[in-house]
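J.:
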Amino acid sequence: PNQPWIAPSILSADFARLGEEVKAVLDAGADTVHFDVMDNHYVPNLTIGPLVCEALRKYGITAPIDVHLMVKPVDRIVPDFAAAGASWISFHPEASEHVDRTIGLIREHGCHPGIVLNPATPLNALDYVLDKVDMVLLMSVNPGFGGQKFIPSALTKLKKVREMIAASGRDIRLQIDGGVKVDNIGEIAAAGADTFVAGSAIFGSKDYRKTIADMRSEIAK
Ligand code: DX5
Ligand code: ZN
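The sequence shown finishes on residue 222 if you use UniProt numbering, and the numbering steps up by one all the way, no holes.
In structure tokens, the structure reads:
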């Protein structure tokens, strides 16, 4: 299995001081930065795009940037994010007309492709694509907002996807996103996740380093 990664979602960061906030969570022990892109069309909220990703790179952020696209259409923004310094790009299959093509496009542009399943999206969305992605992201809230409550059925789903990944024999990260806290991250890890997005739990805490360390010790239990 992969080393666990803690991926703070910058959706809950102080956007007026974004560069400092990203540096602070990385200095505090985060492995990557989760970059939530919302378009007020596929999801009911509007956030940040490639310009902000590029600005973080120019500010000196060298850690992997994990871009979570909640936009429709997907394809036309992929090259821009790759050029802006994205490392991983994940998208929702419902937002792409040609899922296989989008995966190929992300890889052609030098990024790791990921596929995102909403809480009610069935696992057969992974048929014919699991062998082509580097990450599966399971949403444990409906996409659009930070600070929502973890939907417990995501645990069952994690276990099933963990088995599918094992059967594939490929190195695929299994990411969970939404409502991840210090007090539930242990059972989420036990269900098979290796990549943990946490927005409000980290940026809403006083001491990022302590929160991330507490999360790691719960994962290791
Ligand atoms: C929701 C986003 C999440 C969100 C998680 O659409 O994809 O990444 O920021 O926030 P928390 O950890 O507060 O649930
Ligand atoms: Zn996200």
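Glycine included, every Cβ here is placed at the ideal spot set by N, Cα and C.
By DSSP, does residue 116 sit in helix, in strand, or in coil?
T.: Strand at residue 116.
J.: Let me confirm a value: residue 119 is counted as buried when at least 16 other C-beta atoms fall within 10 Å, else exposed. Which label applies?
T.: With 16 or more Cβ atoms within 10 Å of its Cβ, residue 119 is classed as buried.
J.: Can you tell me whether DSSP reads residue 163 as helix, strand or coil?
T.: Of the three classes helix, strand and coil, the one that applies to residue 163 here is helix, per DSSP.
J.: Of the choices 47, 209, 171, 178, whose alpha-carbon is the least far from that of residue 148?
T.: That would be 178, whose Cα lies nearest to the Cα of residue 148.
J.: Please work out which residues of its chain come closer than 8 Å, Cβ to Cβ, to residue 83, disregarding the five sequence neighbours upstream and downstream, and give them in chain order.
T.: Hits under 8 Å: 90, 107, 110, 111, 112.
J.: Please confirm whether residue 209 has its beta-carbon closer than 9 Å to some beta-carbon of chain C.
T.: Note that chain C does not occur in the displayed structure, where there is just one protein chain.
J.: Is it buried or exposed, residue 43, if we count other Cβ atoms within 10 angstroms and call 16 or more buried?
T.: Classification for residue 43: buried.
J.: Just to confirm the assignment, what range does the beta strand (DSSP E) spanning residue 7 have?
T.: Taken as a continuous stretch (DSSP letters only), the beta strand (DSSP E) holding residue 7 covers 6-9.
J.: Just how far apart, CA to CA, sit residue 71 and residue 222?
T.: Straight-line Cα distance between these residues: approximately 33 Å.
J.: Looking at the structure shown, is residue 101 part of a helix, part of a strand, or coil, going by DSSP?
T.: Helix.
J.: Could you give the residue range of the beta strand (DSSP E) that holds residue 199?
T.: Element bounds for residue 199: 196-199.
J.: I'd like the span of the alpha helix (DSSP H) that includes residue 27, first residue to last.
T.: Looking at the DSSP string, the run of the alpha helix (DSSP H) that includes residue 27 is 19-28.
J.: Between the beta-carbon of residue 115 and the beta-carbon of residue 163, is there less than 9 Å?
T.: The answer is no: Cβ separation not under 9 Å.
J.: So if DSSP puts residue 69 in a beta bridge, which residue, or which two residues, is it bridged to?
T.: Per DSSP, 37, 91.
J.: Check the DSSP bridge columns for residue 177 and list the partner residues they point to.
T.: Paired residue(s): 139, 197.
J.: Please state the DSSP three-state secondary structure of residue 47.
T.: Correct three-state label for residue 47: strand.
J.: So is residue 170 buried or exposed if we call it buried at 16+ other beta carbons inside 10 Å?
T.: Its Cβ having fewer than 16 others within 10 Å, residue 170 is exposed.
J.: Cβ of residue 200 versus every heavy atom of the ligand DX5: is any distance shorter than 8 Å?
T.: At least one heavy atom of the ligand DX5 is nearer than 8 Å to the Cβ of residue 200, so yes.
J.: Is it the case that the Cβ atoms of residue 48 and residue 75 are separated by a distance below 9 Å?
T.: No, the pair does not count as a contact, with Cβ atoms beyond the cut-off.
J.: Between the C-alpha atoms of residue 166 and residue 159, what's the straight-line distance to the nearest angstrom?
T.: Cα to Cα, the separation comes out at about 10 Å.
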